[in-house]
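Just so you know, the sequences run in chain order R and Z.
Residue 1 is where the first sequence starts when you use the UniProt record's numbering, and the numbers rise one by one after that.
Residue 1 is where the second sequence starts when you use the UniProt record's numbering, and the numbers rise one by one after that.
Protein chains: 2
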Amino acid sequence: MVEKRIPMQVKDAVDLVMSHAGSLETESVALEDSYGRILAQPLTATTDVPPFNRSPYDGYAIRSADTAGASGTSRIPFNVIDHIGAGEVSRKTLNAFEAIRIMTGAQLPAGADAVAMFEQTVENGQSFTLRKPFNKLENVSLQGEDVAHGEEVIESGNLINPGTIALLATFGYSQPQVAKLPTVGILSTGTELLSVGDALVPGKIRNSNGPMIMAQLKRMGIPCKMYGMSIDNLDESFEAVQKAAQETDCLITTGGVSVGDFDFLPAIYERMGAKVLFNKVAMRPGSVTTVAVADGRFLFGLSGNPSACFTGFELFVRPALLKMMGAEKPFLPHTTAFLSEDFEKANPFTRFIRAVYDGETVRPAGFNKSNAVSSIARGNALIVLPGGTRGFVKGDRVDVLLLGVEEGAAKWMV
Amino acid sequence: MVEKRIPMQVKDAVDLVMSHAGSLETESVALEDSYGRILAQPLTATTDVPPFNRSPYDGYAIRSADTAGASGTSRIPFNVIDHIGAGEVSRKTLNAFEAIRIMTGAQLPAGADAVAMFEQTVENGQSFTLRKPFNKLENVSLQGEDVAHGEEVIESGNLINPGTIALLATFGYSQPQVAKLPTVGILSTGTELLSVGDALVPGKIRNSNGPMIMAQLKRMGIPCKMYGMSIDNLDESFEAVQKAAQETDCLITTGGVSVGDFDFLPAIYERMGAKVLFNKVAMRPGSVTTVAVADGRFLFGLSGNPSACFTGFELFVRPALLKMMGAEKPFLPHTTAFLSEDFEKANPFTRFIRAVYDGETVRPAGFNKSNAVSSIARGNALIVLPGGTRGFVKGDRVDVLLLGVEEGAAKWMV
Numbered sequence: 001m002v003e004k005r006i007p008m009q010v011k012d013a014v015d016l017v018m019s020h021a022g023s024l025e026t027e028s029v030a031l032e033d034s035y036g037r038i039l040a041q042p043l044t045a046t047t048d049v050p051p052f053n054r055s056p057y058d059g060y061a062i063r064s065a066d067t068a069g070a071s072g073t074s075r076i077p078f079n080v081i082d083h084i085g086a087g088e089v090s091r092k093t094l095n096a097f098e099a100i101r102i103m104t105g106a107q108l109p110a111g112a113d114a115v116a117m118f119e120q121t122v123e124n125g126q127s128f129t130l131r132k133p134f135n136k137l138e139n140v141s142l143q144g145e146d147v148a149h150g151e152e153v154i155e156s157g158n159l160i161n162p163g164t165i166a167l168l169a170t171f172g173y174s175q176p177q178v179a180k181l182p183t184v185g186i187l188s189t190g191t192e193l194l195s196v197g198d199a200l201v202p203g204k205i206r207n208s209n210g211p212m213i214m215a216q217l218k219r220m221g222i223p224c225k226m227y228g229m230s231i232d233n234l235d236e237s238f239e240a241v242q243k244a245a246q247e248t249d250c251l252i253t254t255g256g257v258s259v260g261d262f263d264f265l266p267a268i269y270e271r272m273g274a275k276v277l278f279n280k281v282a283m284r285p286g287s288v289t290t291v292a293v294a295d296g297r298f299l300f301g302l303s304g305n306p307s308a309c310f311t312g313f314e315l316f317v318r319p320a321l322l323k324m325m326g327a328e329k330p331f332l333p334h335t336t337a338f339l340s341e342d343f344e345k346a347n348p349f350t351r352f353i354r355a356v357y358d359g360e361t362v363r364p365a366g367f368n369k370s371n372a373v374s375s376i377a378r379g380n381a382l383i384v385l386p387g388g389t390r391g392f393v394k395g396d397r398v399d400v401l402l403l404g405v406e407e408g409a410a411k412w413m414v
Numbered sequence: 001m002v003e004k005r006i007p008m009q010v011k012d013a014v015d016l017v018m019s020h021a022g023s024l025e026t027e028s029v030a031l032e033d034s035y036g037r038i039l040a041q042p043l044t045a046t047t048d049v050p051p052f053n054r055s056p057y058d059g060y061a062i063r064s065a066d067t068a069g070a071s072g073t074s075r076i077p078f079n080v081i082d083h084i085g086a087g088e089v090s091r092k093t094l095n096a097f098e099a100i101r102i103m104t105g106a107q108l109p110a111g112a113d114a115v116a117m118f119e120q121t122v123e124n125g126q127s128f129t130l131r132k133p134f135n136k137l138e139n140v141s142l143q144g145e146d147v148a149h150g151e152e153v154i155e156s157g158n159l160i161n162p163g164t165i166a167l168l169a170t171f172g173y174s175q176p177q178v179a180k181l182p183t184v185g186i187l188s189t190g191t192e193l194l195s196v197g198d199a200l201v202p203g204k205i206r207n208s209n210g211p212m213i214m215a216q217l218k219r220m221g222i223p224c225k226m227y228g229m230s231i232d233n234l235d236e237s238f239e240a241v242q243k244a245a246q247e248t249d250c251l252i253t254t255g256g257v258s259v260g261d262f263d264f265l266p267a268i269y270e271r272m273g274a275k276v277l278f279n280k281v282a283m284r285p286g287s288v289t290t291v292a293v294a295d296g297r298f299l300f301g302l303s304g305n306p307s308a309c310f311t312g313f314e315l316f317v318r319p320a321l322l323k324m325m326g327a328e329k330p331f332l333p334h335t336t337a338f339l340s341e342d343f344e345k346a347n348p349f350t351r352f353i354r355a356v357y358d359g360e361t362v363r364p365a366g367f368n369k370s371n372a373v374s375s376i377a378r379g380n381a382l383i384v385l386p387g388g389t390r391g392f393v394k395g396d397r398v399d400v401l402l403l404g405v406e407e408g409a410a411k412w413m414v
């Protein structure tokens, strides 16, 4: 007798998982190790930007008052009394008709209130002339004009990208506060599984889901504990799952969640006293994806089918882990694109199709039978077709979730 | 006297850089360390997929011949003689009207040539009945139907993503061959630069470009050597650059490439006998970006301005490093999107604007003055506006280069 499960809609399942995601603690890390982490403090300006009035050009710092009345027929001469580059501060103060040669980024010297760019001057040894009057603060970047000391520049919960690193460096955050990384375990179930290094034997296949999930976590910057493979025996599997769950914030298992005779996860969850959030989702692939919670820890029971396993991770595990880290943007980026091939299958459940998105159109990565196996590696996106639909054709605009843009384009497009 | 430089168009500059990118050697790495690397061998199927005829469902393996004539009014009974899960192989061979209970993924037993799903049966202890005839090979996944032994599944030059890892695991590649990572050095120039941990002093700012580029490399999975900061003195800078260039495949410097009095990179390139590919690009920001080659090594002279430095890296350094690793897709992914804000500035040169792309529309990340500083961290894309244009308005469709989708969306969109 096959157990009857009630499928939950994908959005409801996602919401339910997210509502059970707690918050991890925070820690401080060295700036050079902070790329990819989630910022756990607001990034506040610890200084004005610019930190002083500075020259945005190579030229001469002058007193604007001295330029009054300058014209092409009545050029005003200036005497150059010093020469400073960025990082240098002149010890001199400008007097009438004096100038200091100044490079981009250097602090405006005392007395100066404007900068004449080289191309606005006619130079002649230690002097130059101007042919136009300058306004007070003309060609000057004012202290604090970009950001004032104390302003919040980036909110807590943002992912630290290379630009964030630049800001953290600018403001002297050498040990930024970030969310701790969750402790994630991976346990693959199934007597059919061999290790990658094993030779094939009849009836068996190599475990590809474990290494794949490890890489999906690595893409998020999250390490994991590999709990190896559990054999399909209820008592031993229970012990293995129980131990792994106690050692992790989130245990991901693959396989064993369906209703087959050797699918022990449902019984294990029950024996652990885990609260099963759902054990059937109205999606293909991955309808058997099961998520449970025990002692405040997540138990993600992903399908043993590689495509379903991959999709279950991206749809449920990924946002849950990001929310645990306080990320403001935990979901896969979404766009829409035109289908470049027909897809006429019916979609009784919401269908997630591994797809190749080229910035404009999208096509199933494994549309042709011969691509079915390679599609798992070729896709950079998931097409999402709503449940209760059929007959999508070339040119239809469909929802697309982006899977990560580590890989680029073969051509320079602009 | 300001040196007159001739600007090169961006596309020509990119092409020129790419034409000078050599090939790095290859190495084998453990599968679990191969995520993000560039595959340096074709991924060839070392076995059929499936590796044996298998059941795609939970049900009963039968002989199709025994089902001839079955109907709702004339059900045919079968006797169950064994019970196997995935990974198990039955030692029994089916005789007439015998069946073996079989789970999804298990190898078809000897004698069987079809599978009846549970829902197609009426079970009764150790037997069941069928109400319809089955075709030969009905509900059987055939050995090799997805991929045949020896087929090339993924070409050399692809980035190893989580799906690639799954395929490598499936086919037993425990030590895949990948491109070696380039040795990249970063050297920041400028007397104005302080380290991140330093307190500010008059005229100085903290070095943000060095840590930022380190993170841009890290996003590509490439480590780097930090050569710290060189002071603005020609002889000492020359020694520092010369030494760093000899120790790396690619040396990235920041600052010192303009035409200011203390911009020593042009003189250093000359003294090194480096071939300068270009020292002015028709782009904003980053028009002073300079790329040179010496002894087959790249010298990337990026602007000291953080936005220009960032853009110069993504446009020139990134694809060059990827090409050195043999990547088939070295360029930033491209799409188009509707501007959600006016951008009326003139673009005498091609303009690259740090932007926020939401999958449909795009807007400059630092459009308002108050966002100028934070834009470097907020952007996930670059808007590209062609040189010689002006007056882009809300609703215009513009070119967009995507910068990486580490960060996601705040909302679940489908």
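Think of the CB as a built atom: it goes at the ideal place given N, C-alpha and C, for glycine as much as any other residue.
Just so you know, these numbers come straight off a predicted model, no measurement behind them.
Residue i: contacting residues in chain R (beta-carbon distance under 7 Å)
i	result
residue 60 of chain Z	Those within 7 Å of residue 60 of chain Z in chain R number zero; the least Cβ separation is about 12 Å.
residue 103 of chain Z	260, 261, 262
residue 107 of chain Z	202, 203
Distance between residue j and residue i (C-alpha atoms, nearest Å)
i	j	result
residue 392 of chain R	residue 351 of chain R	12 Å
residue 310 of chain Z	residue 208 of chain Z	11 Å
residue 281 of chain R	residue 255 of chain R	15 Å
residue 2 of chain R	residue 119 of chain Z	Bear in mind that the predicted position of residue 2 of chain R carries a pLDDT of just 49, short of 50, making it unreliable; the figure below should be weighed with that in mind. Their Cα atoms are separated by approximately 8 Å.
residue 196 of chain R	residue 172 of chain Z	5 Å
residue 88 of chain Z	residue 300 of chain R	26 Å
residue 84 of chain R	residue 92 of chain R	11 Å
residue 231 of chain R	residue 32 of chain Z	22 Å
residue 158 of chain Z	residue 180 of chain Z	14 Å
residue 108 of chain R	residue 142 of chain R	10 Å
residue 132 of chain R	residue 90 of chain R	25 Å
residue 21 of chain R	residue 319 of chain R	9 Å
residue 236 of chain R	residue 149 of chain Z	35 Å
residue 183 of chain Z	residue 11 of chain R	45 Å
residue 6 of chain Z	residue 341 of chain Z	33 Å
residue 275 of chain R	residue 244 of chain R	17 Å
residue 272 of chain Z	residue 242 of chain Z	7 Å
Residue i classed as buried or exposed, judged by whether at least 16 other C-beta atoms fall within 10 angstroms
i	result
residue 285 of chain Z	buried
residue 105 of chain Z	buried
residue 360 of chain Z	exposed
residue 396 of chain Z	exposed
residue 47 of chain Z	buried
residue 55 of chain R	buried
residue 386 of chain R	exposed
residue 122 of chain R	exposed
residue 394 of chain Z	exposed
residue 312 of chain Z	buried
residue 295 of chain R	exposed
residue 14 of chain Z	buried
residue 403 of chain Z	buried
residue 126 of chain Z	exposed
Residues that residue i contacts on chain Z, provided the C-beta gap is smaller than 7 Å
i	result
residue 216 of chain R	162
residue 165 of chain R	211, 212, 215
residue 312 of chain R	Correct list: empty, because the minimum Cβ distance to chain Z is about 13 Å.
Residue j beta carbon less than 8 Å from that of residue i
i	j	result
residue 81 of chain Z	residue 102 of chain Z	no
residue 400 of chain Z	residue 355 of chain Z	yes
residue 57 of chain Z	residue 161 of chain Z	no
residue 357 of chain R	residue 337 of chain R	yes
Nearest-angstrom beta carbon gap, residue j and residue i [assumed within contact, 8 Å]
i	j	result
residue 288 of chain R	residue 258 of chain R	5 Å
Proximal residues of chain Z, C-beta to C-beta of residue i below 8 Å
i	result
residue 336 of chain R	359, 360
residue 154 of chain R	374, 377, 378
residue 193 of chain R	87
Per-residue contacts from residue i into chain Z (C-beta, under 9 Å)
i	result
residue 270 of chain R	Under the 9 Å cutoff, chain Z gives no residues; its nearest Cβ is about 20 Å from residue 270 of chain R.
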